[in-house]
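Numbering (this note's numbering), first residue to last: 14 to 477.
Worksheet for the structure shown next.
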Ligand code: NAD
Ligand code: UGA
């Protein structure tokens, strides 16, 4: 089966970059990315490619090459569904904020809306692909909805979870460790659909890296991968606290254990806590699924990864307050970095939000500098927590566009995102502008300690 026309519902952090790379690598396939968010689509269509809504190294170049050739962004969802042979569903699946499973389960209302729209609009057979991260067995619900119209249109449902990390999305998509495709291997049509998707990826991914499984394994593998990754961060962060009490250094411990090939060196960097839109939501979802099957020990085991992460963010902020003579009331604190990791403008669940909130509760004045995050985003993140009024957030928090301005007359600096540019700042100049003693809290183990201490900073780094 040859695929000529792909539609992707959801022009977000996954849909946008993934489809851009497919369009680049498969120039004969027409790829249309649709979204109900008009502003987002307008931004994707901005003639100035530097202004597309998602910042990822290398992405604007690809969009420049493929947009208007075989890559299109549109709000006409019905048309794109109607024309497509293959439909990726790449909409958001956040944690539920209401009803049963509130605060734990994935909210599948956007997925269901997509399925209903596909069922309503389609006149020809379609391959429907779960690209969003979903609870195991969601494909069964999709099947029910898609088949409910009884209009004779046939659907093949595949699971094709995405493993890209933000900040390296383009590189991860171009050169993935593996591509996972789950489908119905028991039927001829199921196997054909899987082969059609394999062929898309095989345009640039070696076949041995394209793994096919049954649908349930594929759905569950995505949740498992994120749980394992987050668990590594929580494990090393747990050790970072012990390091601080014992004189061990977490970077040395990470290196020592990472050289064991069974453990491996990646994802062992201690931090102020993991953020991002997915680790927490996917583990909460896993915990919820385990609880619904009455697997109490399994649920409790994975929940601990989240509890440890919450503790890490809280203890970092508490340590700042304690170190600064148990009060930060009225003190100006510069936060360098608001994104949840470097090289992205995404701030979802960023540790910086929670550290700032803690300090604001202690009546600190906060000044934020991040090279890619807008003022509007910082306020919206704080407002979303609901800890205080929007006015109170705007009164206590200032967002500036220079790190030097942020640190002027500050009592302390907290480095909360590992942006490379922070390493290169003129730290002597920053020190000279600050009130003394000048405190510097490195939540990322980004800065070289000795030179900072030599300048005169009261220097504190996580895990040391
Ligand atoms: P996102 O919020 O950036 O984008 C989702 C988009 O879907 C939004 O623009 C929204 O307007 C649109 N949308 C929602 N319902 C729609 C509908 N009915 N019709 C048309 N458009 C609709 O989300 P994201 O970060 O791209 O994540 C999408 C999925 O991919 C999630 O399930 C997430 O868990 C998963 N995932 C994300 C990442 C990541 O790095 N962000 C990585 C792997 C997997
Ligand atoms: C993560 C996974 O790495 C992707 O494979 C997955 O596709 C994605 O989630 C998803 O499903 O959304 P992402 O959240 O974009 O990707 O970024 P990561 O590089 O995994 O970082 C997550 C958080 O952990 C960041 O806050 C980062 O700073 C932190 N982290 C990561 C550490 O604190 N230490 C580490 O050693 C690694």
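All C-beta atoms, glycine included, are put in the ideal place defined by N, C-alpha and C.
So within the stretch 43-118, which uninterrupted alpha helix (DSSP H) runs reach at least 4 residues, ignoring any that extend past its ends? Given a length threshold of 4 residues, each whole run of the alpha helix (DSSP H) inside the stretch 43-118 is given here in chain order: 51-57, 72-79 and 90-96.
Worksheet entry | C-alpha distance - residue 389 paired with residue 309, whole-angstrom precision | 41 Å
For residue 69 and residue 163, what's the separation of their Cα atoms in angstroms?
42 Å
Q) Relative to the C-alpha of residue 398, which residue among 364, 430 and 247 is closest? A) 364
| said: Could you give the first and the last residue of the continuous beta strand (DSSP E) run that contains residue 454? | reply: 452-455
Residue 329 and residue 285 look like a contact to me (Cβ under 8 Å); what is the Cβ gap, rounded to whole Å? 5 Å
Using a threshold of 8 Å, is the CB atom of residue 175 nearer than that to any non-hydrogen atom of the ligand NAD? yes
- Query: Going by beta carbon distance, what residues of the same chain come within less than 8 Å of residue 327, once the five residues before and after it are set aside?
  - Reply: Taken in chain order, the residues that qualify are 367 and 371.
**Short Cβ contact (9 Å threshold) for residue 232 with residue 195** = yes
Would the beta-carbon of residue 412 fall within 9 Å of that of residue 387?
-> yes
- Task: Give a yes or no on whether the C-beta atoms belonging to residue 432 and residue 350 are separated by under 9 Å.
- Result: yes
Q: Taking all protein chains shown into account, decide if residue 174 is buried (16 or more other Cβ within 10 angstroms of its Cβ) or exposed.
A: buried
Whole beta strand (DSSP E) elements within the stretch 409-465, 3-residue minimum | 410-412, 425-428 and 452-455
Could you check whether the Cβ of residue 418 sits closer than 8 Å to any heavy atom belonging to the ligand NAD? no
_If you measure between the beta carbons of residue 297 and residue 456, is that distance less than 9 Å?_
Their beta carbons are not under 9 Å apart, which means residue 297 does not touch residue 456 by this criterion.
Margin query: Pairs of beta-carbons, one from the stretch 205-225 and one from the stretch 239-248, closer than 8 Å: are there three or more?
Written below: no
Rounded C-alpha distance that separates residue 213 from residue 39: 7 Å
Quiz item: Out of curiosity, what's the CA-to-CA distance linking residue 282 and residue 468?
Solution: Taking the straight line from one Cα to the other gives about 26 Å.
| request: For the stretch 130-196, list the beta strand (DSSP E) runs that are entirely contained and at least 3 residues long, ordered along the chain. | output: Taking only runs of at least 3 residues, the beta strand (DSSP E) segments lying wholly in the stretch 130-196 are 139-143, 168-172 and 192-196.
Quiz prompt | For residue 39, three-class secondary structure by DSSP | solution = coil
Pairwise C-alpha distance: residue 428 and residue 436: Residue 436 and residue 428: Cα-Cα distance of roughly 10 Å.
**Minimum C-alpha distance to residue 167 - residue among 369, 42 and 140** = 140
Evaluate contact between the stretch 45-54 and the stretch 80-95, counting only Cβ atoms and requiring at least three cross-stretch pairs below 8 Å. yes
Q) Taking Cβ positions, are residue 22 and residue 130 nearer each other than 9 Å? A) yes
TODO: Starting from residue 20, follow the beta strand (DSSP E) in both directions and report where the run begins and ends.
DONE: DSSP places residue 20 in the uninterrupted beta strand (DSSP E) bounded by 18-22.
For the 8 Å Cβ check, are there 3 or more pairs between the stretch 100-107 and the stretch 142-151?
The count of Cβ pairs closer than 8 Å, one atom from the stretch 100-107 and one from the stretch 142-151, reaches three, so the stretches are in contact.
- Query: In whole angstroms, what separates the C-alpha of residue 257 from that of residue 459?
  - Reply: If you draw a straight line from the Cα of residue 257 to the Cα of residue 459, it comes to about 17 Å.
Strand pairing of residue 471, partner residues [DSSP]
Residue pairing of residue 471 in beta bridges, as defined by DSSP: 452.
Practice item. Check each candidate in 34, 292 and 422 and name the one with the smallest Cα separation from residue 353. Key: 292
(request) For residue 465, count neighbouring Cβ atoms within 10 angstroms of its own Cβ and tell me buried if that reaches 16, exposed if not. (result) Residue 465 comes out buried.
State yes or no: is the C-beta of residue 192 within less than 9 Å of the C-beta of residue 228? no
- Query: Among residues of its own chain, excluding the 5 on either side of residue 318, which ones have a beta-carbon nearer than 6 Å to its beta-carbon?
  - Reply: A distance below 6 Å between beta-carbons, with the five flanking residues on each side excluded, links residue 318 to the following residues of its chain, in chain order: 243, 244, 247 and 296.
Within the continuous beta strand (DSSP E) that includes residue 226, where are the two ends?
223-227
Mind checking which residues open and close the alpha helix (DSSP H) that includes residue 294? 292-305
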